[in-house]
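Q:
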Amino acid sequence: MTVHAPLPHDSAKLHVTGEARYTDDIPAPAGALHLAFGLSTIARGTITAMDLTAVRAAPGVHLVLTWQDLPRPADTSPSAHDEPLLSDGTVHYCGQPLFLVAADSHHAARRAAALAKVTTAEETPILTIAEALAANSRFEDGPRVWQKGDPDTAMAAAPHRLTGHLTMGGQEHFYLESQAALALPGENGEMHILTSTQHPTEIQHKVADALGQPMHAVRSEVRRMGGGFGGKESQGNALAVACAIVAALTGRPARMRYDRDDDMTITGKRHDFQIAYTIGHDAEGRILALDVTHYARCGWSLDLSLPVADRAMLHADNAYNLPAVRITSHRLKTNTQSATAFRGFGGPQGMLGMERMMDHLAHTLALDPVELRRRNYYAEADTHTAPAKGPGHGQRFGGEHSPKPRSQTTPYGMEVQDFILHGLTDRLLQTADYATRRAKVDAFNAANPILKRGLAFNPVKFGISFTLTHLNQAGALVHVYQDGSIALNHGGTEMGQGLFQKVAQVVAARFGVDTSVVKITATDTAKVPNTSATAASSGSDLNGMAAQDAADQIIARMSACLAALHQTSPDRVTFADNAVHIGPTTLPFAKAAQLCYQNRVSLSAAGFYRTPDLSWDRIKGQGRPFYYFAYGAALTEVVLDTLTGENRILRADLLHDCGSSLNPALDIGQIEGAYVQGAGWLTTEELVWDAKGRLRTHAPSTYKIPAVSDRPAIFNVTLWDTPNREPTVYRSKAVGEPPFMLGISAHLALRDAVSATGPHWPDLHAPATPEQVLAAIARARGQT
Amino acid sequence: MISFLLNGETVQVADDPTRTLLDHLRDTRGLKGTKEGCNEGDCGACTVMVTDDRGARALNACILFLPQLQGKAVRTVEGISAPDGTLHPVQKAMIAHHGSQCGFCTPGFVVSMAVAHLNGSTDHDESLAGNLCRCTGYAPIIRAARAAESAPVPAHMKADAPLGPLPPPDDAFLPTTSDALAEWYLQNPDATLVAGATDVGLWVTKQHRALPKLAFLHACADLRTVTETDTHLRLGAMLTMSDMAALIAPHHPSYAAMIRRYGSLQVRNAATLGGNIANGSPIGDNPPALIALGATLHLRRGDTRRDLPLESYFLDYGKQDRQPGEFVEAITLPKHAPTFRVYKISKRFDQDISALCGAFNLSLSNGTVTEARIAFGGMAGTPKRATAVENALTGRPLTDETVTQALPAFAQDFTPLTDMRASAAYRLTAAQNLLRRYAADLAGHPTSVLEITP
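First to last, the sequence lines map onto chains A and B.
Under my numbering, the first residue of the first sequence carries the number 783, and numbering increases by one thereafter.
Under my numbering, the first residue of the second sequence carries the number 2, and numbering increases by one thereafter.
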């Protein structure tokens, strides 16, 4: 069977030979124009004059467009129609596109764009969370507040209270392939857009809107991205719209790629947050009440900030059963890049807040942080296996009249029925040798005055589904050709995660053929319409099921035909071993396909899937926003230098739940990569804006993602290989985002190491750069 | 006209001398396997293999100008598989070990890995420090690199050889001796000298600066001369930082360890000692080390040569003691300095510009400091000696008490700035603590997190 097999990425050979083609590698027809934006150099104000004479006169320039030159207003927002493609005279952030240059080369366009003389009336920008709060600069009319129980009464009644505050930075996606698009004009107003995007339908929608055409006139296609991580969910709109407008105006192909500095200056990043908390607890560390406030810096436009901030609230509990809780969320509007989707989509920020509280509580009570966490965990699900259905599968729980397990709900009223972290934690601590290593770390710290080690654990419980419920749908298109080869198309996009291979494995498994029989084709809105973004870790859950549906439709038709030809019943037709078995007869799959074709059977099907059982009211904060939870846990060991704050990850042990993995090799790859990216967010990756609102870290020379030697020297990753309780595709679980939050353990381990220098609460913020660590050491020693 | 070997075929190129190899490959040759990730030499997605008479090495094509390739052999990812399409062992291993996800950085990794494989290097953390990957977390890439170590080098990888002597190109000044350079530069003092282009490359790719008059120095073999006496090393200005690391390691292991974190292998294969000094950057990592060692700078203008202590070359921010038409010819440094240490502090260990870099060289007699040379980068507008700290230590026993008493002197020597790399307060505290580290280091205490194993 092809599912559950550790097959390589479908494009692995193309990757290693350089043959894999990305958007900017596609040869453009002759006469293509190359675009560049001219950018604002102030963060807030109005344009009083824009002299583009030198830009227009620059070598190779064909066209320069300002807001006034556009045939119709063009917007690039995925949500609120609040992002004009080019500034309409108001400047909202430093890096905002002001005008558009089309030239005969990428460099000619960029060189020309630098020649503009822009005069502005500069205003004082709102840059920080504090400034936004003071100015009441926010999205929505006020903070969102969700509540469970009576937190005020419970807080008042709690024997102990602990308050604290955490600042965490944002994160640049740093996909290695910067944003890129190519527009090919067609006849009769049609436009073919090739982009590096996670959301082809959004590109189609925004381009159609900018051109004044119905969506059917625009075809949006993406074969692969050179990384996405959420940064290509909405941030590619501007390039695609710009290319389409120029292509429509000139009749010439138009292409655009952002230079890395432009990419980092223009596009949104992970939201930075501040989190304030008061915990009511007992002497054993059980949380009795919690009041937590999130402050999210959203930047200048709405983009996806509401669902991001919602998801932070939805993960404010992480793995812990909070009897009484209030979660307040402020979505603050600032004159900075519009913060956007990034792997975890607010979940990491909410979860880091909760894990920080656990850490603070453990430090205060001098309790083992793992033991403290266990005391607050949700109760374990009654069984680790999926409930089988049908006769002979009776069981104590799960039946209509069976006794119900103890009710436990999240702060948003969702029953937690699949909790597995007790067992998972036990196994991780055992395989990672926690107790022994804890003692060794303490012994090392006692013997070494300058270098200190730290060891820390964190669990992850991450909700799977788009919280905007209608997005939880997907389509797929499967063709079986008369030679037995199969073409597969679906609404998901490939950004490196191996989605195409996983879905191909599903289709191959249904037809009982090798994956080499299945041709994976580029995501294309002309083939599968109305796609959701490949986001929220949903790719294989949604598209795998849609493709399975399409395959099963064809299989049913083929079975009926072949059964009739062989005078048997369709249920005696099976597809396996590259063949179709019809009762005692076996036909090679290609022969069976040809036979069905000759008998005029439709060998093409459109499949569809919608996630069941979801209901969610985001204003009330009540319902079941998630189909299920994915779980994981991490133990990380670090060492730091108390003189400089320099630090390293020495070892990480990860145990992660992918249900019954569709492809263990690809899933382990996601987990390893997510951990390092998560640890990078919390250590070396620091975004710095100056007092004028200019991003100072706009290139890899100044913004430091993990390099090869930053990976843990010992890096053990294991799958918790147990079927999903819910009937997902082959009982697998989503994997894209959840393991990102295993990186939180690296930050907690640094706090642990800092605490070897002194008894006071170190109050370590994120990212834990050497400078932050050194400051925390001073606090631990009581020197500040 | 520039001639070089590209994936085994001789090519001739007439183009702007500041055209980068990356643009040439992608836009002129249609070789799209080499990727643009950052266009500043920091991500390695454009890594290519360049072979000359000194062997094969990995370089970043995005900051490599075409004249720098004159007579050399270039191999891109398209030339890493054998001509018959057989995959290179590192390519096979990358597939087998799931070393690619999005695949965009992969061609650069494959080239870096293939060059390391050719050169027999198994220090993968060093070979790959200049290749960023955002998907995999690097673990499967390292597994692949290890798995390919023992495979034989394919024949085509050993076939690249330089083209041999070529006539000078007409579209770029490419001297082959320092005498020719000296004469020309005297006549053209407004020209830009290109050594490794790891800095000048960015003037073109990021600042769009026009550089109408250029001299490319890489063919001046005599500028790579190494002269060794019993007591000193004289190093030619055009030695690359990779050359430098190998030369310095036997004498100053701490310096070599610092160079390992200087840029990345691709950058060190291009960047030169002379370039790092000549450009006068306050955050270059060689000057503090060389100043602490008491190095002498050798400058040449026409046929006039002069020597000066390196610290007196740096006059002020952006201002050096270099006359029009004068260039850095060599550096002389002592071979023996057992108590010399240099420490680089940055947010990320590999391939990061220093927040500060401190170099210490105390002469001790019976535990007493007889002479002190301490210099820092990143603490002022120039690389600068910590004179007040030196004075606070000299004549005193090197004890915790002496060190503690010397710490306030740092504030007399330095008023550092706050920028995106670190705050002024951190820089000052960390600089003080580096003196404490130095004392602990000399006393034999563990002080480096890089030396701790799980």
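In this text, a Cβ means the ideal position worked out from N, Cα and C, and glycines have one as well.
Under 7 Å between the Cβ atoms of A/R1569 and A/D1054?
A: Limits of chain A in this structure are 783 at one end and 1566 at the other, which puts residue 1569 of chain A out of reach.
Q: In the segment 32–60 of chain B, which residues sit with their C-beta less than 9 Å from some C-beta in chain A, listed in chain order?
A: L32, K33, G34, T35, K36, E37, G38, C39, N40, E41, G42, D43, C44 and A46
Q: Taking the C-alpha atoms as reference points, what is the distance between A/V1004 and A/Q1279?
A: C-alpha separation (whole angstroms): 15 Å.
Q: Is there a Cβ from chain B that is less than 7 Å from the Cβ of A/R1493?
A: yes
Q: For B/T402, report the span of its alpha helix (DSSP H) as first-last.
A: The sequence given here has Glu at residue 402 of chain B, not Thr. It spans D401 to A407 - the alpha helix (DSSP H) in which B/E402 sits, taken as one unbroken run.
Q: Do A/V1288 and A/L1270 have their C-beta atoms within less than 7 Å of each other?
A: no
Q: What number of angstroms, rounded off, separates the C-alpha of A/Y1263 from the C-alpha of A/A1375?
A: 7 Å
Q: Based on the DSSP output, what are the partners of B/V49 in its beta bridges?
A: B/L60
Q: Is it buried or exposed, B/A331, if we count other Cβ atoms within 10 angstroms and call 16 or more buried?
A: buried
Q: Decide if A/G1033 is buried, meaning its Cβ has at least 16 other Cβ atoms within 10 Å, or exposed.
A: exposed
Q: Could you name the residues of the segment 133–155 of chain B whose beta carbon sits closer than 9 Å to any beta carbon of chain A, in the order they occur along the chain?
A: L133, C134, R135, C136, T137, G138, Y139, A140, P141, I142 and I143
Q: B/E79 touches chain A at which residues, Cβ-Cβ below 7 Å?
A: G800
Q: Measure from the C-beta of B/K348 to each C-beta in chain A and report whether the shortest distance is under 7 Å.
A: By the rule that beta-carbons nearer than 7 Å mark a contact, B/K348 touches chain A.
Q: Thinking C-beta only, is B/L363 closer than 7 Å to B/A376?
A: no
Q: Between A/T1167 and chain B, is the shortest Cβ-Cβ distance under 7 Å, so that the two count as touching?
A: Bear in mind that the predicted position of A/T1167 carries a pLDDT of just 42, short of 50, making it unreliable; the figure below should be weighed with that in mind. No, no contact with chain B.
Q: By DSSP's criteria, B/G237 is part of a beta bridge. Which residues make up the other side?
A: B/A331
Q: Could you give the C-beta distance for A/L1422 and A/P1407, rounded to a whole number, given that I count them as a contact under 8 Å?
A: The pair is not a contact, with the Cβ atoms about 39 Å apart (cut-off 8 Å).
Q: Shorter than 7 Å from the beta carbon of A/P1482 to some beta carbon of chain B?
A: Closer than 7 Å to the CB of A/P1482 there is at least one CB belonging to chain B.
Q: Within the 7 Å Cβ cut-off, does B/P455 reach chain A?
A: yes
Q: How many Å lie between A/V1074 and A/T1110 at the Cα?
A: 6 Å
Q: Check whether the Cβ atoms of A/V1310 and A/G1273 lie closer than 7 Å to each other.
A: yes
Q: Return helix, strand or coil for A/S793, following the three-state DSSP convention.
A: In this structure, A/S793 counts as coil in the three-state DSSP scheme.
Q: Classify A/A1170: buried if its beta carbon has 16 or more other beta carbons within 10 angstroms, exposed otherwise.
A: Caution applies to A/A1170, whose pLDDT of 48 falls short of 50 and renders its modelled position unreliable; the value that the coordinates give is listed next. Its Cβ having fewer than 16 others within 10 Å, A/A1170 is exposed.
Q: Quick one: grab the DSSP three-state call for A/M1038.
A: strand
Q: Would you check if the distance between the CB atom of A/V1499 and the CB atom of A/I1450 is smaller than 7 Å?
A: yes
Q: Taking the straight line between their C-alpha atoms, what separation do you get for B/R428 and B/R422?
A: Cα-Cα distance, rounded: 10 Å.
Q: Counting only Cβ pairs nearer than 7 Å, list the residues of chain A close to B/G353.
A: Looking at the sequence shown, residue 353 of chain B is not Gly but Asp. Chain A residues near B/D353: K1486.
Q: On a CA-only basis, which of B/L399, B/A431 and B/L300 is nearest B/S355? Give me that one, please.
A: B/A431
Q: To the nearest angstrom, how far is the alpha carbon of B/H157 from that of A/D1092?
A: So the alpha carbons of these two residues sit roughly 56 Å apart.
Q: Beta-carbon of B/L236 versus every beta-carbon of chain A: anything under 7 Å?
A: no
Q: Give me the Cα-Cα distance between A/H797 and A/L847, rounded to the nearest whole angstrom.
A: 37 Å
Q: Quick one: give me the first and last residue of the alpha helix (DSSP H) that A/I1302 is part of.
A: Counted as a single uninterrupted DSSP element, the stretch harbouring A/I1302 is not any alpha helix (DSSP H) but the beta strand (DSSP E) occupying residues V1300 to I1302.
Q: Which residues in the same chain as A/P996 place their Cβ atom closer than 8 Å to its Cβ, once the five residues preceding and following it in sequence are excluded?
A: A990
Q: Among all the DSSP beta bridges, which residues are the ones paired with A/M950?
A: A/F1055 and A/A1548
Q: Pair every Cβ in the segment 1288–1306 of chain A with every Cβ in the segment 1018–1031 of chain A, then say whether three or more of these pairs are closer than 8 Å.
A: no
Q: Alpha carbon to alpha carbon, what distance is there between A/P1541 and A/L1211?
A: One alpha carbon belongs to A/L1211, the other to A/P1541, and they sit about 26 Å apart.
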